[in-house]
Structures are given as C-alpha cells and as structure tokens.
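If you read the sequence shown in this note's numbering, its first letter stands for residue 2, the second for the next number, and so on. Note that beta-carbon positions come from the ideal geometry of N, C-alpha and C, so glycine has one too. Since the structure comes first, as structure tokens, the remarks are kept for the end.
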Amino acid sequence: MTGQKEHIPDKFCKVADFPPMLVLWVSNICNSRCPHCPFNLHSELRQVDKNKVMPEKVFKRIAWEAGQYGSLIRITGLGEPLLNQKIIDLVEYAIKQGARIGFITNGALLNPEKIDRLLKAGIDLIEVSVDAMDKKTYSKIRIGLDFDSVKRNIELLMSRKRELKAKTIVAVSVINQPDKLKDPQAVVDYWKNKVDTVIFRKWITWNVLDQANFTEPFLDKSKRVPCPWPFDRLHINSDGLALFCADDLKRNHVVGDVNRKKIYDIWNGKKFESYRKYHLDRKFDKIDICAKCADWPYKSWKYNYFKVLKSERR
2 MTGQKEHIPD
12 KFCKVADFPP
22 MLVLWVSNIC
32 NSRCPHCPFN
42 LHSELRQVDK
52 NKVMPEKVFK
62 RIAWEAGQYG
72 SLIRITGLGE
82 PLLNQKIIDL
92 VEYAIKQGAR
102 IGFITNGALL
112 NPEKIDRLLK
122 AGIDLIEVSV
132 DAMDKKTYSK
142 IRIGLDFDSV
152 KRNIELLMSR
162 KRELKAKTIV
172 AVSVINQPDK
182 LKDPQAVVDY
192 WKNKVDTVIF
202 RKWITWNVLD
212 QANFTEPFLD
222 KSKRVPCPWP
232 FDRLHINSDG
242 LALFCADDLK
252 RNHVVGDVNR
262 KKIYDIWNGK
272 KFESYRKYHL
282 DRKFDKIDIC
292 AKCADWPYKS
302 WKYNYFKVLK
312 SERR
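Written as structure tokens, this is what we have:
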C-alpha cells in the first residue's frame, strides 16, 4: 500500500477564510452514459435539482464573490458542462472578476470557436475525460461518444494552445476501472506525450455504485483521517445549493444557499463548522453521509486537483 503519511498533511491546519476551490455543477444533463457516473445507473437523481443547468444569475453571483479572493472555480457537473449554452460566456465573466478556472469536459462538443474563446480568456486548465486509448474500450466507457472525434478535438486544442502561446494546462483524465481497463498504465502512457498532463483517478462509488472497481487505496482503512473535501472545497449544485459533500446526491446535507447567502458566510457558518469539527474529532458517525462513506480511503490530501494546477505548462 502507498504510504499513509505521504497522502495526509503533517497536521490538519486551520481552514481558509474562503473556499480555495468552488466545484460548480453547471449541468446535470449529458450526452454520454458512463458506467462511473451515478446518474447513468440512477437517472431519477437528475430530477433532484430543479435546474438542468445553473442559471446565469446564480453563476455570476458565485463568480463575483470568488473573484474577490482569487478562488478556483472548477467547472464540472454530473453532466456535460458544454451543454450549458452560456457556459463560455460565464467562464469569460468569471476570469474577468479575478477567479481562476478549471474546466472539465468529455470533449465531444469542443470546436474551434469554443477552444479559442477558452484559451484567449486565459483559463487555467482544460481537462478532457477520455478514460481510454482505443475505440473499442472507449465505446464501453464513454457510451454514445466517438473516440476518433474526441481525439481530433484534443489535437486541435493542443495545436491552438501552441499557436496562441496560451498558458492553459491541457489535461486528459483516466479513471482506473479494472473491469474496463486491463492496462490503465498503457492508457496513461498513450496520452502523456499528447497533452500537458494526465490525471489518473481512483474509482469512487458516490455511495451508490459498485465497489468492484476499487483498487489499492491511498489511505489505511484502519486509520481513518478527516476527509479533505470539507477543508478545501465547496460543492454548489445547479440550483445554487451549497453541499457539505459531492456524494450528497439527494441533497440531505445542504449547508447553505448562495441565492440567499454569501459563500463566505456559508463556508464559515455554524453548520459547516460543526461538520468539520466532527471530522477533526474523528466522530464520522455523527454525519450520516460520512458514516456510510466507502470512498474515504481513496481521497488524498496531497494528490489532488491543486497538484495538477502546479504541473508544467507547455
């Protein structure tokens, strides 16, 4: 097992005044049906959010406040962000406010105009979720999408980055799912010289998927430590509800509503603080979603999204 010590901090420090990362679920609709997505197996979960895409007003409210702190906005969702028709406009707005942006997409909807606008805006990172190196494997994971088309889009993205001399990090990501990928390292090797960096992720279940794809954990299951998520990020769904945990697919642990409260106040609010204290005191059973969590050994304090942002920009 990889050493426990190298994946946790020397000591758990005071939480920042404002979330270093805001994970925004800008879309809960998708053009693919991936086996690692809980919405693929449980489509009824998509109905929990009233908005299929995050409204412009909600996004701008978040982006303005994030910009005051230079916080990172991670554009993601339990769907494809580019299906939000205003997302490029919103990314440009957020960057102008002073926010940093990481953008994840399956790449199928990238085109020359979108690529140029994202790169020219000065986006920090564009991540394309690929998970495969050939058509046959890709068709079993990114169901409904075409490998060759996405590969061409990635090649165009890298080409335009060089031509524009953009500093954006271009990444592809691979989820380790042994039932689909017999040689995940080969997939990483295939892509590593085609883009700036490859993000290799553990399989997580979101507390609803099968545990059969679990691989060697980062952390010792007998020595549970506080989860990094409540200390370095805030998840906000398409309705503007701030969630204690991304795994809270039914919204049972809402810590605030950005439509009514500032993110600063939610992040420093009594409810969120009480949850963090339970973690620091190792009283995980006091929070229902944490008591049931099977994924915590696969979450690292040090091998995370912030590390990717520090990778070499070519």
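Same chain, Cβ closer than 8 angstroms to residue i, five either side skipped, listed in chain order
| i | result |
| --- | --- |
| residue 314 | For residue 314, the predicted structure reports a pLDDT of 48, less than 50, and the residue's modelled location is therefore unreliable. The matter cannot be settled from this model. |
| residue 305 | 229, 233 |
| residue 10 | 302, 303 |
| residue 34 | 41, 144, 145 |
| residue 253 | 289, 290 |
| residue 134 | 187, 188, 191, 192 |
| residue 76 | 25, 27, 82, 88, 92, 102, 103, 104, 105 |
| residue 279 | 285, 287, 288, 291 |
| residue 115 | 83, 89 |
| residue 32 | 81, 84, 107, 109, 110, 145, 146 |
| residue 251 | 46, 49 |
Closest residue to residue i among the options (Cα-Cα distance)
| i | options | result |
| --- | --- | --- |
| residue 216 | 31, 54, 295 | 295 |
| residue 52 | 73, 40, 27 | 27 |
| residue 201 | 268, 209, 212, 219 | 219 |
| residue 64 | 37, 23, 35 | 23 |
| residue 138 | 149, 275, 128 | 149 |
| residue 239 | 30, 71, 264, 117 | 30 |
| residue 17 | 54, 55, 37, 71 | 71 |
| residue 311 | 81, 199, 226, 83 | 199 |
| residue 21 | 36, 66, 284 | 66 |
| residue 117 | 236, 90, 43 | 90 |
| residue 180 | 142, 174, 152 | 142 |
| residue 73 | 107, 124, 298 | 124 |
| residue 249 | 130, 209, 119, 226 | 209 |
| residue 39 | 264, 152, 57, 80 | 80 |
| residue 68 | 32, 85, 140, 19 | 19 |
| residue 55 | 284, 44, 84 | 84 |
| residue 246 | 276, 119, 43 | 276 |
| residue 307 | 265, 293, 140, 126 | 126 |
Bridge partner(s) assigned by DSSP for residue i
| i | result |
| --- | --- |
| residue 104 | 76, 127 |
| residue 153 | Answer is none; residue 153 lacks a bridge partner. |
| residue 258 | 242 |
| residue 236 | 24, 244 |
| residue 371 | Lying before the first or after the last residue shown, residue 371 is absent from the chain, which here runs from 2 to 315. |
| residue 30 | Bridge partners of residue 30: none, in fact. |
| residue 202 | 176 |
| residue 92 | According to DSSP, which records beta bridges pairwise, residue 92 is partnered with nothing at all. |
| residue 170 | 126 |
| residue 54 | 28 |
Per-residue burial, residue i [other beta carbons within 10 Å of its own, 16 or more giving buried]
| i | result |
| --- | --- |
| residue 224 | exposed |
| residue 267 | buried |
| residue 2 | At residue 2, the pLDDT of 47 sits below 50, so the modelled position is not reliable and the matter cannot be decided from this model. |
| residue 128 | buried |
| residue 103 | buried |
| residue 281 | exposed |
| residue 172 | buried |
| residue 165 | exposed |
| residue 162 | buried |
| residue 309 | buried |
| residue 231 | buried |
| residue 154 | buried |
| residue 130 | buried |
| residue 194 | exposed |
| residue 121 | exposed |
| residue 298 | buried |
| residue 152 | buried |
7 angstroms CB neighbourhood of residue i in its chain, flanking five on each side removed
| i | result |
| --- | --- |
| residue 260 | 59, 241 |
| residue 206 | 212, 295, 296 |
| residue 270 | 256, 257 |
| residue 94 | 61, 64 |
| residue 5 | 220, 221, 224 |
| residue 272 | 256 |
| residue 57 | 87, 91 |
| residue 204 | 37, 176, 177, 178, 214, 215, 216 |
| residue 227 | 13, 280, 281 |
Neighbourhood of residue i by C-beta distance below 6 angstroms, restricted to the same chain and skipping five residues each side
| i | result |
| --- | --- |
| residue 301 | 8, 219 |
| residue 185 | 177 |
| residue 14 | none |
| residue 136 | 148 |
| residue 236 | 24, 244, 247 |
- [ ] Flag this pair as touching only if the segment 141–159 and the segment 110–129 have three or more C-beta atom pairs under 8 angstroms; answer yes or no.
- [x] Segment contact: the segment 141–159 against the segment 110–129, three or more CB-CB distances shorter than 8 angstroms; contact assigned.
Task: contact_flag[the segment 88–99, the segment 38–53] where n(CB pairs < 8 angstroms) is 3 or more - done: no
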